[in-house]
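K.L.:
The opening position of the sequence shown corresponds to residue 2 in the numbering used here, with each subsequent residue numbered one higher.
Dropping the structure in here first, questions after.
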Amino acid sequence: MSRLPASASIATPLDGARLFAPSAERNAPAITALLCEIGPARGRALEIASGTGQHILALATALPGVEWHPTEIAPERRASIDAYAAEAGLPNLRPAQYLNATALGWAAAHAPFNLIYIGNLLHLIPQAAALILLTEAAKALTHDGVFVVYGPFLRAGELTSEGDAQFDAELRAADPAIGYKDDDWVNEVLTSAGLDPEVRQMPANNLAFIARRIPQ
């Protein structure tokens, strides 16, 4: 388990089991708009590392024809996801499940998904773990599925804002194995996994990799 600075995962308790992450509240509208644009109107969607549940609640609300499957390692965050889901009463939002997406072989244990989304995780895990996550997610896609990876990244090996430089330094001080991944590296991994990635600029200097299977 990576050591993380306090700035990496801020979530405050609300009523019941719900947790609130300010960063999730800020970036949920842009992520939801993107997935409404490029995602399927029907099918099965997997969110890896659903965190507090704020993102998937917004996504399940905006895309009611999609069956959403949240996953999370931390039990208190799974409880938060389920608490948000219970309050919203959305029929297309399934209970939160445990998934370690950095473990080899997890894709084979799951039916294929039309959409897989992961946000703000790659910089919190070592590069070897990120490699497994990306390649396994590619295997878990349907033939016409789309994989979306969102978060902060290096651009051609460079940090491009003062805020990113500070956050990356905090991450590496807490654990030298973690920190921002390079956009070129992510593109290479996705391409090697048989996907064709498109990169979108997102608010707050984030990127979104939108990857579909390369036609055979």
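Note that the Cβ used here is the ideal one computed from N, Cα and C, for glycine as well.
If you're wondering where the values come from, they're calculated on a predicted model, not measured in any experiment.
If you draw a straight line from the alpha carbon of residue 155 to that of residue 46, how long is it in whole angstroms?
P.N.:
Here residue 155 refers to the residue found at position 154 of the sequence shown. Here residue 46 refers to the residue found at position 45 of the sequence shown. For residue 155 and residue 46, the distance between alpha carbons rounds to 27 Å.
K.L.:
Please state whether DSSP places residue 85 in a helix, a strand or coil.
P.N.:
Reading the sequence shown from its first residue, position 84 is the one you call residue 85. In the structure shown, residue 85 sits in a helix (DSSP, three-state: H, G or I).
K.L.:
When DSSP labels each residue in this structure, what does residue 111 get in the three-state scheme?
P.N.:
Your numbering for residue 111 matches position 110 in the sequence shown. DSSP places residue 111 in coil when its eight states are reduced to three.
K.L.:
Does the Cβ of residue 215 have 16 or more other Cβ atoms within 10 Å, making it buried, or fewer, making it exposed?
P.N.:
Translated into the one-based positions of the sequence shown, residue 215 becomes position 214. Its Cβ having fewer than 16 others within 10 Å, residue 215 is exposed.
K.L.:
Look at the Cβ atom of residue 134, then the Cβ atom of residue 97, and state whether they are nearer than 8 Å.
P.N.:
Here residue 134 corresponds to residue number 133 of the sequence shown, with the count starting at 1. Here residue 97 corresponds to residue number 96 of the sequence shown, with the count starting at 1. Their beta carbons are not under 8 Å apart, which means residue 134 does not touch residue 97 by this criterion.
K.L.:
By alpha-carbon positions, which one of 48, 146, 127, 137 ends up nearest to residue 42?
P.N.:
Here residue 42 corresponds to residue number 41 of the sequence shown, with the count starting at 1. Out of 48, 146, 127, 137, 146 has the C-alpha closest to the C-alpha of residue 42.
K.L.:
Is it true that the stretch 107-126 meets the stretch 72-82, where meeting means three or more beta-carbon pairs spaced less than 8 Å apart?
P.N.:
Too few Cβ pairs lie closer than 8 Å, so no.
K.L.:
So the candidates are 23, 212, 203; which of them puts its Cα closest to the Cα of residue 31?
P.N.:
Here residue 31 is taken as the residue at index 30 of the sequence shown, counted from 1. The option with the nearest alpha carbon to residue 31 is 203.
K.L.:
Enumerate in chain order the residues of its own chain whose CB-to-CB distance from residue 14 is below 7 Å, with the five nearest sequence positions on each side excluded.
P.N.:
Along the sequence shown, read from residue 1 onward, the residue named residue 14 stands at position 13. Excluding residues within five positions, the ones whose Cβ falls inside 7 Å are 20.
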